[in-house]
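For reference, the structure discussed in these notes is given below.
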């Protein structure tokens, strides 16, 4: 442990501890996982190809939430939309039709997206 040998700097009162990304974005560690987005179907929502999504499986999706789901065993990222008692899975891409979910739909909700990690430049570091 290091100790000051003189008077501590008045500026040290304003120092913040080092940021820990996991502490900032993971609220329930046992229910949280990460997934990398593929494609740009949710680009208008700020999710770009190769972005990393933080997903919490303990959150019950509400209208407007972005979810990670599987539809007919195909993983997908979509907006959860409710109209009355009907549920739709909606893409930001207008060329993709909303998927109406019903009793016959083979789908699973993996979790609700809580954060997106987006890299501004995709060149290799």
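Numbering (this note's numbering), first residue to last: 142 to 266. Backbone N, C-alpha and C define an ideal beta-carbon position, used for all residues, glycine too. This one's a predicted model, so the numbers in the text were calculated from it and none came from an experiment.
Counted as a single uninterrupted DSSP element, the beta strand (DSSP E) harbouring residue 194 occupies residues 193-197. Non-local C-beta neighbours of residue 202 in its own chain, meaning closer than 8 Å and more than five positions away in sequence, comprise 208, 221, 250, 253, ordered along the chain. Residue 210 holds the alpha-carbon nearest to the alpha-carbon of residue 178 among 200, 239, 210. In this chain, residue 242 is not harboured by any alpha helix (DSSP H); it is covered by the beta strand (DSSP E) spanning 240-242. Ranked by Cα distance from residue 260, the options 216, 188, 248 are led by 188. If you compare the alpha carbons of 230, 175, 235 with that of residue 205, the shortest gap goes to 230.
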